[in-house]
Amino acid sequence: MDLAKIKACICEGAAEEAIIDVLLDNDLLVFRREDMLDERVIRCRDGKTFETRYLRKGFNELISVIRILDSRRENFKLSKEYESKVDVINVVTAPEIEMLIIFNEDKYSDFKKSGKKPSIFCKENLKMSSVKSYDFVRKYFEKSELLVQAIKKYNEISKIRKSEYTLLDLLK
């Protein structure tokens, strides 16, 4: 994966943001916070809104927009004026980012039998009511090595499509 000098990391939710922050703070990603727009994760899922807030500041260089999301169908539309200035990289965490907790808890087979969405499984079966909150996920993966192990386990079991990126691709 080739990334431009300037990066924008966009996360769909608080849990995704916490995971990226843990990885950034432990210098585990192929980019650093200093390389990012505003040196932080951006929570702006709409292409037009992103364009208005960030691209109209007069960037002359290519920008890599790294989107962390669980949906393969979510579009990121930019106007023709900016399409050539932005390289959009979708990092898919399907079905949900909470799968990392399920793998870390070694509950994948129980999860599969349950037929539940990952976040519901975490809330009901693992009694993690705040599984979608930034603070919970940040504290849960306080030891970044647990997060990296969970990402690797997720990658082993997931059905990753060709030309699709995962969190593993972002690790150093």
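The numbering used here applies: residue 53 is where the sequence shown begins, and numbers increase by one.
Cβ coordinates follow ideal geometry from the N, Cα and C atoms, glycine included.
Only a predicted model underlies this, so the values are computations on that prediction, with no experimental measurement involved.
Spatial distance of residue i from residue j (CA atoms)
i: F83; j: L76; result: 8 Å
i: K191; j: A70; result: 9 Å
i: S131; j: M180; result: 41 Å
i: M53; j: D187; result: 30 Å
i: K100; j: S196; result: 34 Å
i: V135; j: E150; result: Reading off the sequence, residue 135 comes out as Glu, not Val. Each residue's alpha carbon lies about 32 Å from the other.
i: L215; j: K129; result: Checking the sequence, you will find Ser at residue 215 rather than Leu. About 19 Å.
i: E176; j: G65; result: 20 Å
i: R125; j: D79; result: 30 Å
i: R85; j: T104; result: 22 Å
i: K159; j: F111; result: 46 Å
i: L81; j: T145; result: 16 Å
i: Q201; j: E133; result: 41 Å
i: N142; j: I212; result: 12 Å
i: I58; j: L178; result: 39 Å
Same chain, Cβ closer than 7 Å to residue i, five either side skipped, listed in chain order
i: Y106; result: A60, L89
i: C63; result: E69, I72, V93, R95, I120
i: Y206; result: M151, L152, F155
i: F193; result: I71, V74, L199
i: V140; result: V117, R119, F128
i: K204; result: L220
i: L114; result: A56, K137, D139
Residue interval of the beta strand (DSSP E) (run including residue i)
i: A60; result: 58–63
Residue i, enclosing alpha helix (DSSP H) - first and last residue
i: V189; result: 186–192
i: T101; result: 99–106
i: S196; result: 196–209
i: F163; result: 160–166
i: E133; result: 132–135
i: S182; result: Per DSSP, S182 belongs to no alpha helix (DSSP H) and is neither H nor E.
Per DSSP, the bridge partner or partners of residue i
i: V120; result: It is Ile, not Val, that sits at residue 120 in the sequence shown. Its beta-bridge partners are C63, V143.
i: I94; result: I62
i: Y217; result: V143
i: M151; result: Answer is none; M151 lacks a bridge partner.
i: L223; result: L81
i: M88; result: K59
i: I172; result: Beta-bridge pairing links I172 to no other residue.
Residue-chain proximity (residue i, chain C), Cβ-Cβ < 8 Å
i: I94; result: No chain C appears in the structure shown, which is made up of a single protein chain.
Beta-carbon contacts of residue i that lie in its chain and below 8 Å, excluding the five residues immediately before and after
i: S182; result: F188
Contact test: residue i Cβ vs the ligand NAP heavy atom, cutoff 7 Å
i: N156; result: You won't find the ligand NAP in this model; it holds no ligand whatsoever.
Cut-off 6 Å between Cβ atoms - residues of its own chain near residue i, not counting five sequence neighbours on either side
i: A67; result: I149, K184, V189
i: F173; result: F163, S166
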